[in-house]
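Going by UniProt numbering, the first residue of the sequence shown is number 1, and it counts up by one from there. A short write-up of the structure that comes next.
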Amino acid sequence: MAFEIPRAMFDVDHRFVELPSGARVHYVDEGQGETLLFLHGNPAWSFQWRELIHGLRGSYRCVALDYPGFGLSEAPAGFGFTPGEESRVVEELVDRLGLRDVTLVMQDWGGPIGLGFAGRRPELVRRVVLGSTWAWPTSASTPRGKFSRIVGGPIGEFAQVNFNGFAALGIDNGIVRELPAEVADVYLRPFLPLDRRGIAAFYPGQITAATEYFAEVEAGLPRLADRKALIFWALKDVGFPRSDLARFEAAFPDHKTIELPDADHFFFEDAAEVMIAEIRAFVPAGPAAPTRARRRPLTTWQTTPVVCLRGRRGIRRVPVPIDGTSHGGSAP
């Protein structure tokens with residue numbers, strides 16, 4: 001599968017690093033100044049932050065990664081794709097790049113993944129920006145718990161693995177404005193191979209399965225209570241009610257909340273200009289970055305075709321021969 005990203009759509013340098021866990025992580029690192037670390041959700045990858053990175057890299061250092069199994073990142077053998085493992089990979093990347101005084105920018109799974117890291121290493125985190133996320137265990141009887149059981153169960157897994165249903169419907173229904181077809185196509189490309197579909201299907205079930213990890217994340221919040229927080233709350237996102245907002249406002253007393261009445265789960269698509277302006281007001285800007293030269297497109301990437309088998313502790317990947325048909329080329 002050729003994976004071409006038009007430069008006009010995601011005009012960044014694509015970097016790769018192998019971390020101590022064995023993960024080969026794709027990330028972007030643009031601009032200079034205060035560090036903004038962008039953490040994506042599911043089904044998504046660093047591409048979701050393109051508008052914010054384009055709008056902020058002139059005054060800030062913008063770092064965004066793909067978790068192993070998402071986007072252009074590759075997982076090592078034995079990786080279970082649990083949120084706890086992904087959080088450790090974020091920590092490894094922060095250490096490898098020597099990031100300090102970080103402002104975390106988090107949405108959806110980026111919240112528990114990033115706040116888990118922040119709770120373990122609070123000395124590295126200066127501020128938090130978040131929305132459409134949570135950081136505590138979920139009861140199976142709540143709407144989010146029921147979503148976890150249905151979408152993360154056999155029916156949801158079948159629809160995602162066979163039809164890419166969760167990824168396609170999530171992106172289509174999670175944005176208020178009409179997303180151009182070519183943008184939606186790039187969003188979905190990482191989820192076309194069978195192994196990536198299985199990972200996207202695995203995560204909804206982790207909402208209730210990863211109870212121990214979520215308890216750790218919640219227990220770490222008091223260590224971040226003195227950090228300033230900028231909270232974006234998309235009022236059309238039915239997955240995250242005001243009760244979640246209230247818990248974040250209590251966890252971060254020094255907060256500013258921006259309600260987004262015309263935004264949904266992918267609120268950065270619906271309200272990018274508002275977010276850019278608010279982040280500029282929230283984080284001190286650094287010197288202007290040098291003018292960027294135009295570069296060649298990123299053309300292709302490669303994964304090994306596999307079928308993913310879901311279990312309580314993670315995903316087991318089984319290679320599948322494809323009779324010489326490639327799922328990609330090689331990333332530069």
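Ideal placement from N, C-alpha and C gives every residue a C-beta, glycine not left out. All figures in this text were calculated on a predicted structure; none of them were measured in a lab.
Quick check on Asp264: does DSSP put it in helix, strand or coil? As a first step, residue 264 is located in the sequence shown; it is residue number 264 there, counting from the start. Under the three-state reduction of DSSP, Asp264 is assigned to coil, being neither helix nor strand.
Local Cβ density within 10 Å of Ser141, reported as buried at 16 or more and exposed below that: As a working mapping, residue 141 is identified with position 141 in the sequence shown. Residue environment for Ser141: exposed (fewer than 16 other C-beta atoms within 10 angstroms of its C-beta).
### Task
Compute the distance between the beta-carbons of Arg88 and Ser21, then report whether it is under 8 Å.
The count along the sequence shown starts at 1 and reaches residue 88 at position 88. The count along the sequence shown starts at 1 and reaches residue 21 at position 21. In this structure, Ser21 lies closer than 8 Å to Arg88 by Cβ.
Which residue marks the beginning of the beta strand (DSSP E) containing Phe16, and which one marks its end? What you label residue 16 is simply residue 16 of the sequence shown in a count that begins at 1. Residues 15-18.
**Asked** For Phe248, which three-state DSSP category applies?
**Response** Within the sequence shown, numbered from 1, the residue matching residue 248 stands at position 248. DSSP places Phe248 in helix when its eight states are reduced to three.
- Query: How long is the line joining the alpha carbons of residue 411 and Ser46, rounded to whole angstroms?
  - Reply: This structure leaves residue 411 out entirely; the chain is present only between 1 and 332.
The beta strand (DSSP E) with Tyr27 in it runs from where to where? Residue numbering aside, residue 27 sits at position 27 when the sequence shown is read from its first letter. Here the beta strand (DSSP E) through Tyr27 covers 24-30.
**Prompt:** Would Gly119 pass as a contact of Gly41 if the rule is Cβ separation under 8 Å?
**Reply:** Against the sequence shown, residue 119 aligns to sequence position 119. Against the sequence shown, residue 41 aligns to sequence position 41. Contact: no.
**Asked** Is Ala215 closer than 8 Å to Pro154 when the C-beta atoms are compared?
**Response** Here residue 154 refers to the residue found at position 154 when the sequence shown is read from its first residue. Here residue 215 refers to the residue found at position 215 when the sequence shown is read from its first residue. Pro154 is not a Cβ neighbour of Ala215, given a cutoff of 8 Å.
- Query: CB-CB under 6 Å to Arg294, same chain, minus the five flanking residues each way: which ones, in chain order?
  - Reply: Translated into the one-based positions of the sequence shown, residue 294 becomes position 294. With a pLDDT of only 45 at Arg294, under the threshold of 50, the placement of this residue in the model should not be trusted; the figure read from the coordinates follows. Same-chain partners within the cutoff: there are none.
Checklist entry - How big is the Cα-Cα spacing for Val274 and Ala184? => result Position 274 of the sequence shown, counted from the start, is the residue given in the question as residue 274. Position 184 of the sequence shown, counted from the start, is the residue given in the question as residue 184. Distance between the alpha carbons of Val274 and Ala184: 22 Å.
message: Quick check on Ile279: does DSSP put it in helix, strand or coil?
response: Taking the sequence shown and counting its residues from 1, one reaches residue 279 at position 279. Looking at Ile279 - three-state DSSP - the assignment turns out to be helix.
Go ahead and label Glu218 buried or exposed: buried means 16 or more other beta carbons lie within 10 angstroms of its beta carbon, across all protein chains shown.
The residue labelled residue 218 in the question sits at position 218 within the sequence shown. By the C-beta density criterion, Glu218 is buried, having at least 16 other C-beta atoms within 10 angstroms.
Item checked: Cβ contact check for the region 123-133 and the region 102-111: 3 or more pairs under 8 Å -> Result yes; three or more Cβ-Cβ pairs closer than 8 Å.
*If you count every other CB in all the chains shown that lies within 10 Å of the CB of residue 335, and 16 or more means buried, which is it?*
With the chain represented from 1 up to 332, any question about residue 335 goes unanswered, as that position is not in the structure.
Notebook entry, point to check: At what residues does the beta strand (DSSP E) containing Gly131 begin and finish?
Noted result: Indexing the sequence shown from 1 puts residue 131 at position 131. From DSSP, the beta strand (DSSP E) with Gly131 extends over 125-131.
| said: Taking the straight line between their C-alpha atoms, what separation do you get for Asp264 and Pro241? | reply: Within the sequence shown, the letter at position 264 stands for residue 264. Within the sequence shown, the letter at position 241 stands for residue 241. Their Cα atoms are separated by approximately 12 Å.
Quiz item: Exposed or buried, what is Ser243 when buried is set at 16 or more other beta-carbons lying within 10 Å of its beta-carbon?
Solution: Here residue 243 is taken as the residue at index 243 of the sequence shown, counted from 1. By the C-beta density criterion, Ser243 is exposed, having fewer than 16 other C-beta atoms within 10 angstroms.
* Please list the segments of the alpha helix (DSSP H) lying wholly inside the region 86-131, counting only runs of 4 or more residues, in order along the chain. => Counting only runs of 4 or more residues that sit fully inside the region 86-131, the alpha helix (DSSP H) segments are 110-120, in chain order.
If His14 and Leu72 are in contact, beta carbons under 8 Å, what's the gap, nearest whole angstrom? Counted from its first residue, the sequence shown places residue 14 at position 14. Counted from its first residue, the sequence shown places residue 72 at position 72. Contact holds; Cβ gap of about 7 Å.
message = Given this structure, state the Cα-to-Cα distance separating Gly55 from Ile276, to the nearest angstrom.
response = In the sequence shown, the residue the question calls residue 55 occupies position 55. In the sequence shown, the residue the question calls residue 276 occupies position 276. So the two alpha carbons sit approximately 7 Å from each other.
**Message:** Just to confirm the assignment, what range does the alpha helix (DSSP H) spanning Ala64 have?
**Reply:** Within the sequence shown, the letter at position 64 stands for residue 64. Counting along the chain, Ala64 falls outside any alpha helix (DSSP H), though it belongs to the beta strand (DSSP E) covering 61-65.
Check: Does the distance from the CB of Pro193 to the CB of Gly152 come in under 8 Å?
Finding: As a position in the sequence shown, residue 193 is number 193, starting the count at 1. As a position in the sequence shown, residue 152 is number 152, starting the count at 1. For Pro193 and Gly152, no; Cβs fall outside 8 Å.
- Query: DSSP state of Trp233, grouped into three classes?
  - Reply: Numbered from 1 along the sequence shown, position 233 holds the residue referred to as residue 233. In the structure shown, Trp233 adopts extended strand secondary structure according to DSSP, grouped into three states.
Measure the beta-carbon distance from Gln48 to Phe266 and round it to whole angstroms, keeping in mind my assumption that it falls under 8 Å.
For the purposes of this step, residue 48 is identified with residue 48 of the sequence shown, where counting begins at 1. For the purposes of this step, residue 266 is identified with residue 266 of the sequence shown, where counting begins at 1. With a beta-carbon spacing of about 7 Å, Gln48 and Phe266 fall inside the 8 Å limit used to define contacts.
Compute the Euclidean distance between the alpha carbons of Ala135 and Ala246, then round it to the nearest angstrom. Working through the sequence shown from its first residue, we reach residue 135 at position 135. Working through the sequence shown from its first residue, we reach residue 246 at position 246. Separation of Ala135 and Ala246 (C-alpha to C-alpha, rounded to the nearest whole angstrom) is 12 Å.
Note to self: Which residue wins for smallest C-alpha separation from Gly239, given the options Arg189, Val63, Gly131, Glu92?
What the structure shows: Sequence index remark: in the sequence shown, residue 239 carries index 239 (1-based). Here the closest residue by C-alpha is Gly131.
### Task
Determine, using beta carbons only, whether Phe202 and Pro43 come nearer to each other than 8 Å.
The residue labelled residue 202 in the question sits at position 202 within the sequence shown. The residue labelled residue 43 in the question sits at position 43 within the sequence shown. Note that the C-beta distance between Phe202 and Pro43 is not below 8 Å.
**OP:** Could you check the C-alpha separation between Ala229 and Glu85 for me, to the nearest Å?
**Re:** Here residue 229 refers to the residue found at position 229 when the sequence shown is read from its first residue. Here residue 85 refers to the residue found at position 85 when the sequence shown is read from its first residue. Ala229 and Glu85: Cα-Cα distance of roughly 25 Å.
| query | Going straight from the alpha carbon of Val186 to that of Ile5, what length do you get? | reply | Locating residue 186 in the sequence shown gives position 186, counting from the first residue. Locating residue 5 in the sequence shown gives position 5, counting from the first residue. Rounded to the nearest angstrom, the two C-alpha atoms are 7 Å apart.
key: Inter-residue Cα distance where the pair is Leu179 and Ala281   = In the sequence shown, counting from the first residue as 1, residue 179 sits at position 179. In the sequence shown, counting from the first residue as 1, residue 281 sits at position 281. Whole-angstrom Cα-Cα distance: 27 Å.
- Opening and closing residue of the alpha helix (DSSP H) in which Phe147 lies: The count along the sequence shown starts at 1 and reaches residue 147 at position 147. If you look at Phe147, you'll find it in the alpha helix (DSSP H) that goes 143-151.
Could you please give me the residues that DSSP links to Glu74 through a beta bridge?
-> Numbered from its first residue, the sequence shown carries residue 74 at position 74. The partner list for Glu74 (beta bridge, DSSP) reads Arg24.
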